[in-house]
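Numbering (the numbering used here), first residue to last: -6 to 54.
All residues carry an ideal CB built from backbone N, CA and C; glycine is no exception.
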């Protein structure tokens, strides 16, 4: 999803809706689970959220 969106410079409506739904769920449960699993997982989750933030800035087409 990320590679396609970045190469196109936009998100299609279906993936935009998926992203919107995921963001509406919030991060609390994900952060809690990552915290229980330790540092490597916390770092990975933080990177995923950074990618999510970048995708949310792309236009929807």
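Between residue -6 and residue 0, the alpha-carbon positions lie close to 10 angstroms from each other. Across the structure, residue 48 and residue 4 are spaced so that their CA atoms are roughly 8 angstroms apart.
Per DSSP, the beta bridge partners of residue 53 are 4. Residue 28: member of the alpha helix (DSSP H) spanning 21 to 30, first to last residue. The criterion of a C-beta distance shorter than 8 angstroms is satisfied by residue 9 and residue 53. A straight line joining the alpha-carbon of residue 26 with that of residue 2 spans about 32 angstroms.
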